[in-house]
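Chains as they are written, first to last, in the working numbering: chain A, 49 to 228; chain B, 60 to 244. Each residue gets a CB set at the ideal place from its N, CA and C atoms; glycine is no exception. Keep in mind it's a predicted model, so treat the numbers as computed, not measured.
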């Protein structure tokens, strides 16, 4: 019982503060390369005020997101969350994004995901954790496999982007497969 | 060109009535087996006002083209026998999900759900111009999987052990039909 649940090797999970973080999240979402790796909806432009209200609504509904901070500098670099609709099956879905491009491809996202999955298994007592990823996001797929997620199939040509059809990959990790 | 999108021989797709149909849907929600076949939500009986509110919300979402909900009835009979819904429509990708259910066990296995599904598929591909239509089935529901396979739905993923129902773990099976795989018959 001595592990720090919110602390990884490179990152830590922290509270998201609508007052101070909305401007940064707005800036991340304006980066369409980032947004199109994260979301299947069309990128839209929001003001910091819109983002702040959206973040406050999530907190009100009891579904806050974690802020990912780099351990060394404590700089916020991204966000992550576990969504559990509906809760009785012991399954949750991951949302994760590293908004600061300087931290891409260096293991920060994998480290935060490991911490998030550990939280899911040791605190939420989940049976499994699920995620979805776009076919064109090779870097994320590699990271998810590194953390222990297995490919479970694909929604065929579920996305149309830049004039091409892409599959939506489904991945999952069972508690019995998880190496804490 | 067959423009009768909502009329079949044995069934018709109709609008839902927030007052009358809420009573019927409330009655269905007392059948946990029906709920387990049609949703992964926690099974719970819902009183008529709960469904009235839901129907009114769906109507609002229909105005925004986010969801398309139909009551299934037989010709010349106002009794609601089932419900179908196209939801989670992603317009830029031409992708959507759907559910369909025939409420009472005695109305099943008579071809009513099959004909309603044929109408729903034609509506999806020839009116909404979707590229793909998907749905989820629990791995214990062999009837449901067979039903969908008859229309050409292809299994595309298995979310292993992601459902916990009546003390047992099951996979959530994802199936879909692409427009190019669909045959209007």
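(message) Can you confirm whether residue 125(B), when its beta carbon is compared against all beta carbons of chain A, has any partner nearer than 8 Å?
(response) With respect to chain A, the C-beta atom of residue 125(B) has no partner C-beta closer than 8 Å.
(message) For residue 235(B), would you say it is in contact with chain A, using Cβ-to-Cβ distances shorter than 8 Å as the test?
(response) Chain A places a beta carbon closer than 8 Å to that of residue 235(B), counting this residue as a contact.
(request) Spell out a yes or no on whether the region 148-168 of chain A and the region 191-207 of chain A are touching, meaning 3 or more CB-CB pairs, one atom from each, closer than 8 Å. (result) Counting Cβ pairs under 8 Å, three or more are found: they touch.
(message) In this structure, how does DSSP classify residue 71(B) when only helix, strand and coil are distinguished?
(response) In the three-state reduction of the DSSP assignment, residue 71(B) falls in the strand class.
(message) By the DSSP assignment, the alpha helix (DSSP H) with residue 87(B) in it spans what residues?
(response) Boundaries of the alpha helix (DSSP H) around residue 87(B): 79-87.
(message) If we define contact as Cβ-Cβ less than 8 Å, is residue 222(B) a contact residue for chain A?
(response) Yes, its Cβ sits closer than 8 Å to a Cβ of chain A.
(message) In the DSSP assignment, the alpha helix (DSSP H) including residue 203(B) goes from what residue to what residue?
(response) Looking at the DSSP string, the run of the alpha helix (DSSP H) that includes residue 203(B) is 201-209.
(request) Could you tell me whether the Cβ of residue 139(A) comes closer than 8 Å to any Cβ of chain B? (result) Yes, residue 139(A) counts as interfacial toward chain B.
(message) Out of 204(A), 73(A), 117(A), which one is the CA nearest neighbour of residue 101(A)?
(response) With distances taken between Cα atoms, residue 101(A) lies closest to 73(A).
(request) Would you identify the three-state DSSP class for residue 178(B), choosing helix, strand or coil? (result) Helix.
(request) With a 10 Å radius around its C-beta and 16 neighbouring C-beta atoms as the bar for buried, classify residue 205(B) as buried or exposed. (result) Label assigned to residue 205(B): exposed.
(request) Please report how far the alpha carbon of residue 99(B) lies from the alpha carbon of residue 220(B), in whole angstroms. (result) Approximately 13 Å between the Cα atoms of the pair.
(request) Could you check the C-alpha separation between residue 146(B) and residue 121(A) for me, to the nearest Å? (result) When only Cα atoms are considered, residue 146(B) and residue 121(A) end up about 44 Å apart.
(message) According to DSSP, is residue 229(B) part of a helix, a strand, or is it coil?
(response) Assigned with DSSP and collapsed to three states, residue 229(B) falls in strand.
(request) Could you name the residues of the region 136-152 of chain B whose beta carbon sits closer than 7 Å to any beta carbon of chain A, in the order they occur along the chain? (result) Cβ contacts with chain A: 149, 151, 152.
(request) Report yes or no: is there a C-beta of chain A within less than 8 Å of the C-beta of residue 116(B)? (result) With a threshold of 8 Å between beta carbons, residue 116(B) makes no contact with chain A.
(request) From the DSSP output, in three-state form, read off residue 69(A) for me. (result) Reduced to three states, the DSSP call for residue 69(A) is helix.
(message) For residue 165(A) and residue 61(A), what's the separation of their Cα atoms in angstroms?
(response) If you take the alpha carbons of residue 165(A) and residue 61(A), they lie about 12 Å apart.
(message) With a threshold of 6 Å on Cβ separation, who are the neighbours of residue 231(B) within its own chain once the five nearest residues in sequence on each side are excluded?
(response) Excluding positions up to five away in sequence, the list reads 195, 218, 221, 222.
(request) Starting from residue 120(B), follow the alpha helix (DSSP H) in both directions and report where the run begins and ends. (result) Here the alpha helix (DSSP H) through residue 120(B) covers 107-122.
(request) Pull out every residue of the region 75-101 of chain B whose Cβ sits closer than 7 Å to any Cβ of chain A, in chain order. (result) From the region 75-101 of chain B, only 99, 100, 101 have a Cβ closer than 7 Å to chain A.
(message) Below 8 Å on C-beta distance, what does residue 216(B) contact in chain A?
(response) Those are 200, 201, 202, 203, 218, listed as they occur along chain A.
(message) Helix, strand or coil, according to DSSP, for residue 92(A) in the structure here?
(response) Note: residue 92(A) maps to coil in three-state DSSP.
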